[in-house]
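Right, one structure below, let's go through it.
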Amino acid sequence: MVSFDIPQLSYFLLGPILIVLCGAVLAVVVEAFLSSRTRPKVQLGITLVTLVAALVQLWRIRGATTMDAAMGSVAIDGPAILFQGSILIMALLGVFLIADQQHFTVVASTLPGSSEERESLQSGEQMTEVYPLTLFAVAGMMLFPIATDLITLFVALEVLSLPLYLMAGLSRHRRLLSQEAALKYFLLGAFSSTFFLFGSSFLYGYSGSVSLSGIQAAVSSSSGNSVFLFIGIAFVSVGLLFKVGAVPFHAWVPDVYQGAPTPVTAFMAAATKVAAFGAMLRIFYTAFDNAYWEWRPVITTIAIITMLFGSFVAIAQRDVKRMLAYSSIAHAGFLLSGVIALNKAGLEATIFYLFAYGIVTIGAFAVVTLVRDSQGEVTDINRWAGLGKRSPMVATAFSLFLLAFAGIPLTSGFIGKFSIFSAAYESGNTLLVIVGVLSSAIAAYFYIRVIVLMFFTNPSEDATSVVIPSFLTSATIISAFVITLFLGVFPSPFLNFISSTATFIR
Amino acid sequence: MTSNSLVYLIALPLIGSAVLLLAGRRADRWGHVLATLASGSSFVVGLYQFSQMLARSGEERAVTQKLFSWISVGSFKVDAALMLDQLSICFVLLITGVGTLIHIYSIAYMSHDLDRRRFFAYLNLFIAAMLLLVLGDSYLNLYVGWEGVGLASYLLIGFWNQKPTYATAAKKAFIANRVGDLGLSLAIMISFATLGTVSFSGVKEQAEHASTGALTAIGIMLLVAATGKSAQFPLQAWLGDAMAGPTPVSALIHAATMVTAGVYLIVRSNFIFDAAPTAQLMVAIVGAITLLFGAIIGMAKDDIKKALAASTMSQIGYMILGAGLGPAGYAFAIMHLLTHGFFKAGMFLGAGSVMHGMDDEVNMRRFGGLRKFMPITFATFGIGYLAIIGVPPFAGFYSKDKIIEVAFNAGGVKGWIFGCTALLGAAITAFYMTRLVIMTFAGNKRWDAKAHPHESPALMWIPMVLLAVGSVASGFIFSQGNSLRNWLAPVVEHEHEVEVELLSPAVVSILALLLVALGVGIAVMKYLRTEVLREAPENVSIFTKIARRDLMQDAFNEAVFMRPGQKVTAALVDIDKFVIDGAVRGVARLTQGSGSALRTTQTGYVRSYAMWILLGAIGLVATIWIVTL
Numbered sequence: 001m002v003s004f005d006i007p008q009l010s011y012f013l014l015g016p017i018l019i020v021l022c023g024a025v026l027a028v029v030v031e032a033f034l035s036s037r038t039r040p041k042v043q044l045g046i047t048l049v050t051l052v053a054a055l056v057q058l059w060r061i062r063g064a065t066t067m068d069a070a071m072g073s074v075a076i077d078g079p080a081i082l083f084q085g086s087i088l089i090m091a092l093l094g095v096f097l098i099a100d101q102q103h104f105t106v107v108a109s110t111l112p113g114s115s116e117e118r119e120s121l122q123s124g125e126q127m128t129e130v131y132p133l134t135l136f137a138v139a140g141m142m143l144f145p146i147a148t149d150l151i152t153l154f155v156a157l158e159v160l161s162l163p164l165y166l167m168a169g170l171s172r173h174r175r176l177l178s179q180e181a182a183l184k185y186f187l188l189g190a191f192s193s194t195f196f197l198f199g200s201s202f203l204y205g206y207s208g209s210v211s212l213s214g215i216q217a218a219v220s221s222s223s224g225n226s227v228f229l230f231i232g233i234a235f236v237s238v239g240l241l242f243k244v245g246a247v248p249f250h251a252w253v254p255d256v257y258q259g260a261p262t263p264v265t266a267f268m269a270a271a272t273k274v275a276a277f278g279a280m281l282r283i284f285y286t287a288f289d290n291a292y293w294e295w296r297p298v299i300t301t302i303a304i305i306t307m308l309f310g311s312f313v314a315i316a317q318r319d320v321k322r323m324l325a326y327s328s329i330a331h332a333g334f335l336l337s338g339v340i341a342l343n344k345a346g347l348e349a350t351i352f353y354l355f356a357y358g359i360v361t362i363g364a365f366a367v368v369t370l371v372r373d374s375q376g377e378v379t380d381i382n383r384w385a386g387l388g389k390r391s392p393m394v395a396t397a398f399s400l401f402l403l404a405f406a407g408i409p410l411t412s413g414f415i416g417k418f419s420i421f422s423a424a425y426e427s428g429n430t431l432l433v434i435v436g437v438l439s440s441a442i443a444a445y446f447y448i449r450v451i452v453l454m455f456f457t458n459p460s461e462d463a464t465s466v467v468i469p470s471f472l473t474s475a476t477i478i479s480a481f482v483i484t485l486f487l488g489v490f491p492s493p494f495l496n497f498i499s500s501t502a503t504f505i506r
Numbered sequence: 001m002t003s004n005s006l007v008y009l010i011a012l013p014l015i016g017s018a019v020l021l022l023a024g025r026r027a028d029r030w031g032h033v034l035a036t037l038a039s040g041s042s043f044v045v046g047l048y049q050f051s052q053m054l055a056r057s058g059e060e061r062a063v064t065q066k067l068f069s070w071i072s073v074g075s076f077k078v079d080a081a082l083m084l085d086q087l088s089i090c091f092v093l094l095i096t097g098v099g100t101l102i103h104i105y106s107i108a109y110m111s112h113d114l115d116r117r118r119f120f121a122y123l124n125l126f127i128a129a130m131l132l133l134v135l136g137d138s139y140l141n142l143y144v145g146w147e148g149v150g151l152a153s154y155l156l157i158g159f160w161n162q163k164p165t166y167a168t169a170a171k172k173a174f175i176a177n178r179v180g181d182l183g184l185s186l187a188i189m190i191s192f193a194t195l196g197t198v199s200f201s202g203v204k205e206q207a208e209h210a211s212t213g214a215l216t217a218i219g220i221m222l223l224v225a226a227t228g229k230s231a232q233f234p235l236q237a238w239l240g241d242a243m244a245g246p247t248p249v250s251a252l253i254h255a256a257t258m259v260t261a262g263v264y265l266i267v268r269s270n271f272i273f274d275a276a277p278t279a280q281l282m283v284a285i286v287g288a289i290t291l292l293f294g295a296i297i298g299m300a301k302d303d304i305k306k307a308l309a310a311s312t313m314s315q316i317g318y319m320i321l322g323a324g325l326g327p328a329g330y331a332f333a334i335m336h337l338l339t340h341g342f343f344k345a346g347m348f349l350g351a352g353s354v355m356h357g358m359d360d361e362v363n364m365r366r367f368g369g370l371r372k373f374m375p376i377t378f379a380t381f382g383i384g385y386l387a388i389i390g391v392p393p394f395a396g397f398y399s400k401d402k403i404i405e406v407a408f409n410a411g412g413v414k415g416w417i418f419g420c421t422a423l424l425g426a427a428i429t430a431f432y433m434t435r436l437v438i439m440t441f442a443g444n445k446r447w448d449a450k451a452h453p454h455e456s457p458a459l460m461w462i463p464m465v466l467l468a469v470g471s472v473a474s475g476f477i478f479s480q481g482n483s484l485r486n487w488l489a490p491v492v493e494h495e496h497e498v499e500v501e502l503l504s505p506a507v508v509s510i511l512a513l514l515l516v517a518l519g520v521g522i523a524v525m526k527y528l529r530t531e532v533l534r535e536a537p538e539n540v541s542i543f544t545k546i547a548r549r550d551l552m553q554d555a556f557n558e559a560v561f562m563r564p565g566q567k568v569t570a571a572l573v574d575i576d577k578f579v580i581d582g583a584v585r586g587v588a589r590l591t592q593g594s595g596s597a598l599r600t601t602q603t604g605y606v607r608s609y610a611m612w613i614l615l616g617a618i619g620l621v622a623t624i625w626i627v628t629l
């Protein structure tokens, strides 16, 4: 006799995710039934209201700490709130950029170069599927770092990934490149998801449980076949490392960052990192923490390779978006140092770094959306020469973001790097710190090179122009600027806040 | 006692300066009026504070105002706080009073300058910084003002920086001052390291128990600071070049106020020097050397402003000497400082008035016979002249005579040496000042063809007249019943030790007057009885040549500091270029090369990307397996 219990769900605690999902469904309906003229405004409104409402709901549950929100499948605790809050804030700033529909193809289903495409361009009936897709992705991202069993983790991973694959292919300019990127992202994403799923089954085989706590219990008691555990850890890591873009699972990052519409890149680069590192922290801190002797050397190796590879290759880049992509790879390496630290300082530092880095990333890509010529965005670095003379405000903002990437004091990047390296040092991983600081130094070279190019080089012949930013884009850049500076000068309130809340429940 | 209005003293000119600088050209029409009003209202606040102070009895006269907690790191706590006591009020009234007069004067003097607004902004900035210097309640607060006046001085010396020599003069002043500033910052650091505090009251308390070595070190560093700011030996070389600035600046900053900051610093730190006799003796020696040094240069200068600058150097030497003589001398150093503020500022303004009438000519060999054409300038300048050479009852007589007297009373060999130096200085002063007045106002006309001397407008001569009144009356007022000495007593704390009287005051006065008369006589013989040449004679003794070259001060600095410094710099540049940059470039090339090589892994084919993932996964498993073996 199979009995079936009615699942006990705490709708209040799951509220933030549910609000986002409801908004997404509503947006799908709107996309289907509203006329193309009113749609963009309505969709933008729905998306923003949804995200703000989710943030408000998140604020209301901020003190909660429980495993029982969804039958033990999700954990509501301090880190969960911080991750979800970071994702929502980044999504808001990202949607501000997405609101500039100039970047998106009118009808995504038309073949590039076909007569349908020309017609759709002339009719100007802009499709706005990017809004519901964004909301679905946000819901998946919010679920990923709070999931506490492997099944929920996998579902969340897919919910966040699938919309992103589509969004990457929506670019209006250079559509072929964009669609190629989307397809690559999809294929490789599916490939790595398979590893994640495969790894999950090994872990189930090892522990007889899919919950993180069950796996931890099995690791502590050393019951089960340890070969299953090693393969499980390795393959689950592959799935996670793919999402964060660590070497050698990074290859999609430059192609997708370059091909995707820049607003999508901004949102994806910032929020996906938070979600993936959030999940990674939870898994490694609450399920694999007793097996650290096994996984620490290999993850350390990957972190070192990632930092060095990202920094070295970024130097050889001539395209701003690709350069930022490699910089994001290098930053994945820095963030891994915080995961490896496996102490409370590491957790706090990683959370701070994720937020600071995400905000800077959105700000930097927001600036990229502004530098255009008649063909759309100009991403060739050499054509950014002399930008500081023509658009000093935009160039100044970009310089601050670059300095933050480089980790120069008085920016949030410095505080982030400092805290993450000190956490790594505290955990005894001196080698990692040395490599981290060295690759930061290498990385500083190409960040500062762009600043030199913008301010101290005469502009080239073929003029690029900086479009007047829309209100929402300016809002993104200004917020990112202010937050970056504020976290660099007065980090203590935020650090104290993280420190007081960031403890995983088990 | 606390007071809430001290901050207005500084805030008013500071706001004036900010408004003038930020408003830009829009403020061109009314900027100078606003600046003058800001300085004037600061003077009114000063007078109000003075009246309040007079109403209180001796020990309670000092007031303080805490603005905010500035630095709080561990045990190191500094408040941004102001303190107004009997010593600082003298300076406040001098700075704002003379400062306001010079603001008024400058309205007319600078009326043809396109950048008059910027000039007034800097003047206001200077007033604010100088007030902060004398009002700060700790060495650190003083330091802020100290740097602020240095900046204002730099900006104003180089005000006409379109002339490269003027810009160089500004740089020279700034660099020489930096050497002194380093002394002050070292003094502050030593004070914090050994006494644990940097506030005046705290240091005063701690000084009683501190070791003499530490106090001597602090004292010597403070002396270094004072020599920089006050153009004393061996950091005196910048003052003559500083005359590149507009003449009102020379009057205010490089005669009446800023250059006397060193005297303020030493008198303020009396508790340190009284406990460190070695440092105190060094102060007196520096003062004595400089008073002769300046006087000798003054004898040879044909540039009216540079002659006055040399005289300033020499007169400040008197003040430093007075301050170096301990409790007996502090009050007289300050008295001479105040009277000098009147008569020297007045004479500089007079020189400015002459230049105004003579088409900006400064060479006295191109003047002559001006007294008929500029009667008011001549009269006020003449009063200043009588004051500086120490003719009774003019101000200088009271203050300088007292310093000479105290110098003799220092006792023993020391007393004789300091006393005779001061007396000799007085004679030389009489000589070069008489020379200056004769060459400018008397004798034959040696003007350039285009010069049309005329009396300056009222806005210029009224301040000169007021300063002349001060030059006549101030000495008498300050010394009447030892008023200034008693006034300052609570601050400089002179426990009345029995003074050895080497020579009685009357003898000193008579000696001084005789020597002054001698100096005047020689000058009259040499310059009034014989024709002054339009060109400086070349066939003069080696001593005159050396004096004309400022006693080789620049040659010395260039040979000892500048050229070796340049060699070291050049060597460092080479090291930087070849060794450091070479390494950097090499690393960069290597990095870039490896970046390009690694880049080729990015083929763009999904199949190769997938292969990387597969290899990575295998690698992960393999590594974990190897690690756990």
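Chains A and B, in that order, give the protein sequences. Quick note: the first sequence uses our numbering, first residue 1, plus one each step. Quick note: the second sequence uses our numbering, first residue 1, plus one each step. We put the beta carbon where it would ideally sit given N, CA and C, even for glycine. Because the structure is a prediction, the values reported are computed rather than measured.
Spatial neighbours of residue i in its chain, beta-carbon cut-off 6 Å, leaving aside the 5 residues before and after
i: L164 of chain A; result: A137, M268
i: R318 of chain A; result: I381
i: Y131 of chain A; result: A27, Q43, T47
i: L337 of chain B; result: T260, V263, M319
i: L100 of chain B; result: Rather than Leu, the amino acid found at residue 100 of chain B in this sequence is Thr. Excluding sequence neighbours, T100 of chain B sits near S39, G40, F43.
Cutoff 9 Å: residue i Cβ touching any chain B Cβ
i: F490 of chain A; result: no
i: Y445 of chain A; result: yes
i: A303 of chain A; result: no
i: P112 of chain A; result: no
i: K243 of chain A; result: no
i: I233 of chain A; result: yes
is_contact[residue i, chain A] using C-beta, thresh 9 Å
i: G69 of chain B; result: The question names Gly, yet the displayed sequence has Ser at residue 69 of chain B. Not one chain A Cβ lies under 9 Å of S69 of chain B.
i: V224 of chain B; result: no
i: I624 of chain B; result: yes
i: I613 of chain B; result: yes
i: T377 of chain B; result: no
| task | Please name the residues in the region 249–262 of chain A whose beta-carbon is closer than 8 Å to at least one beta-carbon of chain B, in chain order. | result | F249, A251, W252, P254, D255
| What are the uninterrupted segments assigned as alpha helix (DSSP H) that are 4 or more residues long and contained completely in the region 436–522 of chain B, given in chain order? | 458–479, 483–492
| said: Report the start-end ranges of each alpha helix (DSSP H) in the region 134–200 of chain A that is 4 residues or longer and not cut off at the edges. | reply: 150–168
| query | Closer than 8 Å, Cβ to any Cβ of chain A: which residues of the region 583–606 of chain B, in chain order? | reply | A588, T591, Q592, S594, G595, S596, L598, R599, T601, Q602, G604, V606
| Every unbroken alpha helix (DSSP H) within the region 18–66 of chain B, with a cutoff of 4 residues, ordered by chain | 31–55
| said: Whether or not the region 210–222 of chain B and the region 523–535 of chain B are in contact is what I'm after, with contact meaning three or more pairs of Cβ atoms, one per stretch, closer than 8 Å; do they touch? | reply: no
| query | Does the pairing of the region 175–189 of chain A with the region 213–221 of chain A give three or more beta-carbon distances under 8 Å? | reply | no
| task | Within the region 317–388 of chain A, note down every full alpha helix (DSSP H) run reaching 4 residues or more, in order along the chain. | result | 320–341, 344–370
| task | Assess, as a yes-or-no matter, whether the region 354–371 of chain A is touched by the region 440–452 of chain A under the definition of 3 or more beta carbon pairs within less than 8 Å. | result | no
| message | Measuring CB atoms only, is the region 287–297 of chain B touching the region 423–438 of chain B, in the sense that at least three cross pairs come out at less than 8 Å? | response | yes
| message | Contact between the region 101–111 of chain A and the region 142–152 of chain A is defined here as three or more beta-carbon pairs at a separation below 8 Å; is this criterion met? | response | no
| query | Counting only runs that start and end within the region 341–401 of chain B, where is the alpha helix (DSSP H) found for 4 or more residues in a row? | reply | 375–389
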